[in-house]
Amino acid sequence: MISDKLYSMAFKFKKKKVWNIILNVHVFAVKFSDGNTGYINITNSVNGRSCLTIYLGDKGFNCLRTITELDKILTDSFSPFKFQEALIQQECIKCLFVGKNQLTEEEQEEIKNYTASHDIRLSGKNAYPQFIKYTTNCIPVLFLTEQEQEYLCEAFSASMALADILINDMNYTLGMTQIYDDPDTVVSLKLKGGKYITEEIPVPEKISPSYPSPKATNDIAVAKLKKQKKVGIWECEIIRFPQPVQNSPEEIPNYPVVLIAIESATDYFLSISPVSHYEENPDHLIDNFIDSFLQHELCPKEIKVRDERTYAFAEDICKKLKISLSFEKELKVLEEAELTFWDRFGIPEQEKPQEDKVTPISVRQSYIISVSLGSGCYRHIQISGNSRLSDLHTSILNAFELKEEDHEHGFFMDNKIWSNENCYLANPPYPEFPSTYDYRLSQIGLSKGKQFKYLFDFRNEWKFQCKVLQVTDTDIKKTIVIKSKGDAPVSK
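Residue 492 is where the sequence shown ends in the UniProt record's numbering, and the numbering goes up by one at each step.
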């Protein structure tokens with residue numbers, strides 16, 4: 001149950017509209033009364049949902065770092081599994097302001113009782129506070145301990161005090177730390193003698209990732225596998241399953257890991273049972289690995305991996321079975337298998353936003369768009385949601401190394417060339433249609449899976465098929481070509 005104190009602080013925070021003073025890009029620290037340090041980020045999204053998030057301690061700050069580096073994760077490895085896994089590494093507590101219909105019946109009843117007893121009338125689109133706890137590799141829950149509620153109360157109080165400082169001291173505003181600049185220090189607030197004092201403190205050191213190195217302890221099973229004939233080169237990778245599972249009613253639903261194993265010459269896919277809480281139970285995945293190969297009367301001749309986690313997993317069993325283990329940056333068969341797996345089990349398509357709705361402020365969002373020019377020739381482009389359609393036009397031409405030479409261009413969002421239903425054209429010469437120079441990508445209703453056509457040079461008609469592969473919650477400053485396949489024809 002949420003305390004009256006926390007509701008009171010949340011409504012004071014909302015009334016002050018702190019998110020208009022402390023911006024999305026800012027991060028600051030609060031020294032809590034129990035001695036712990038929380039790192040605070042306050043956001044206000046395009047749809048008007050404001051949020052205060054506490055990342056607790058060194059681990060929490062490193063979770064925040066991971067969130068800010070999502071675009072780098074996409075650039076380094078175009079794997080939807082790696083991107084989603086990064087998203088669910090959050091270890092934090094939040095207060096979100098949402099619509100009434102997004103609350104549970106219990107939450108609605110609690111807020112109704114509080115507002116009635118304190119003569120508060122709620123109005124506005126996102127007027128209701130919702131308190132959520134995020135735990136790594138689990139779905140968020142609506143239960144907070146008394147201590148976690150106290151952290152939020154102290155964070156609200158400190159953020160309102162910091163907002164007052166920023167209002168009265170513009171120079172202080174200029175010195176606020178921005179989370180996307182990989183800062184060395186942050187502003188910290190501490191309550192002393194009834195007043196907040198501020199100081200700069202160093203940020204926690206980066207925590208290098210470490211991965212379990214499980215041991216194959218079932219000697220009988222290992223001996224049986226040794227007797228099998230070694231066959232094939234197997235491309236393997238541990239991925240985080242994109243849908244949560246729950247092994248018992250008392251357990252918080254979690255995202256298990258799955259080991260993908262595919263034989264590169266035949267595309268034979270080996271089914272290996274998933275494991276929940278892999279970091280605490282890595283030996284279970286080794287047992288499942290051995291059992292699966294024994295059931296198929298197979299033993300790998302060689303295993304190839306492309307990430308450190310899978311290498312650490314396979315190292316001991318490969319030594320015991322004298323299987324060749326190698327690390328390779330690109331594994332084409334594995335990549336195709338993962339995309340097929342994602343198409344079947346991936347996260348549901350995001351709710352489509354209202355089309356043509358003008359967004360008054362910039363968004364922290366980017367899109368990964370597949371652009372194809374005939375069979376076997378495509379580019380995967382990551383572009384900011386703040387970019388115009390005309391910027392996407394230029395990015396596509398650059399990605400395919402085509403000359404512009406002032407040719408006309410257009411985007412047909414119903415996926416039909418020359419359809420007038422939902423199109424954006426370069427104008428002039430087409431002033432009667434929405435202009436590609438006036439609309440940002442965040443304004444045109446793009447969502448995962450959305451397909452549309454891009455037409456370049458209305459005389460020669462270069463037709464491109466476009467599909468949104470991913471919508472991310474992080475912005476990028478520069479458009480990136482993530483993946484390229486095939487040579488484009490020479491433009492005339």
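For glycine and all other residues, C-beta sits at the position ideal for the given N, C-alpha and C.
I need the boundaries of the alpha helix (DSSP H) containing Lys309, first residue and last residue. First, the residue type needs correcting, since residue 309 is Arg and not Lys in the sequence shown. Where Arg309 is concerned, the enclosing alpha helix (DSSP H) stretches over 308-321.
Need the endpoints of the alpha helix (DSSP H) that Thr66 sits in, please. Taken as a continuous stretch (DSSP letters only), the alpha helix (DSSP H) holding Thr66 covers 57-68.
Below 8 Å, can you find three or more Cβ-Cβ pairs linking the region 194-207 to the region 296-314? no
Tell me where the alpha helix (DSSP H) around Tyr151 begins and ends. 146-168
Which residue marks the beginning of the beta strand (DSSP E) containing His409, and which one marks its end? Start and end: 409-412.
Measure the alpha-carbon distance for Ser33 versus Cys466 and round it to whole angstroms. 53 Å
Please classify Ser271: does DSSP put it in a helix, a strand, or coil? coil
Quick check: the Cα distance between Lys320 and Val222, rounded to an integer number of angstroms? 8 Å
Do you know how far the Cα of Asp283 is from the Cα of residue 539? Residue 539 cannot be examined here, being either before or after the span of the chain that is shown, 1 to 492.
Tell me, which residues are paired with Ser208 by DSSP? According to DSSP, which records beta bridges pairwise, Ser208 is partnered with nothing at all.
Mapping the DSSP letters down to three states, classify Val257 as helix, strand or coil. Three-state DSSP puts Val257 in a strand.
Starting from Lys227 and walking both ways along the beta strand (DSSP E), at which residues does that stretch end? It is not in any beta strand (DSSP E) - Lys227 carries neither H nor E in the DSSP assignment.
Going straight from the alpha carbon of Lys16 to that of Met160, what length do you get? Our two residues, Lys16 and Met160, have alpha carbons roughly 8 Å apart in a direct line.
Range of the contiguous alpha helix (DSSP H) that encloses Ser117: Where Ser117 is concerned, the enclosing alpha helix (DSSP H) stretches over 105-117.
Contact set for Lys5: own chain, Cβ-Cβ below 7 Å, skip 5 residues either direction: Apart from the 5 residues on each side of it in sequence, Lys5 sits with its Cβ closer than 7 Å to the Cβ of Cys153 in its chain, given in chain order.
Between the Cα of Val490 and the Cα atoms of Ala116, Ile476, Asn460, which residue gives the shortest distance? Asn460
First and last residue of the uninterrupted alpha helix (DSSP H) at Glu85: 80-87 is the extent of the alpha helix (DSSP H) around Glu85.
Where Thr474 falls: helix, strand or coil (DSSP): DSSP places Thr474 in coil when its eight states are reduced to three.
Tell me the DSSP secondary structure of Val358 in three-state form. Summary for Val358: the model assigns pLDDT 33, below 50, so the residue's position carries little reliability; its value from the coordinates is reported in the next sentence. Reduced to three states, the DSSP call for Val358 is coil.
Just to confirm the assignment, what range does the beta strand (DSSP E) spanning Ala300 have? The sequence shown places Pro at residue 300, rather than the Ala named in the question. Segment 299-305, the beta strand (DSSP E) holding Pro300.
Starting from Pro129, trace the beta strand (DSSP E) both ways and give me its first and last residue. 128-134
Closest residue to Asp307 among Ile317, Leu334, Leu285, Asp291 (Cα-Cα distance): Leu334
Which residue marks the beginning of the beta strand (DSSP E) containing Tyr454, and which one marks its end? 451-456
Could you have a look at His393 and say whether DSSP puts it in helix, strand or coil? Here His393 sits in helix by DSSP.
What does a CB cutoff of less than 6 Å around Glu107 pick up in its chain, not counting 5 residues either side in sequence? none
Between the alpha carbons of Lys478 and Asn281, how many angstroms are there, rounded? 41 Å
Range of the contiguous alpha helix (DSSP H) that encloses His284: Judged by DSSP secondary structure, His284 falls within the alpha helix (DSSP H) whose first and last residues are 282-295.
Beta-carbon separation (whole angstroms), Ala10 vs Cys92, contact threshold 8 Å: Contact doesn't hold; Cβ gap of about 16 Å is too wide.
Go ahead and pull the three-state DSSP assignment for Leu339. helix
Spatial neighbours of Ser292 in its chain, beta-carbon cut-off 7 Å, leaving aside the 5 residues before and after: Leu270, Ser271, Ile272
Range covered by the alpha helix (DSSP H) that runs through Tyr180: Element bounds for Tyr180: n/a, residue is neither H nor E.
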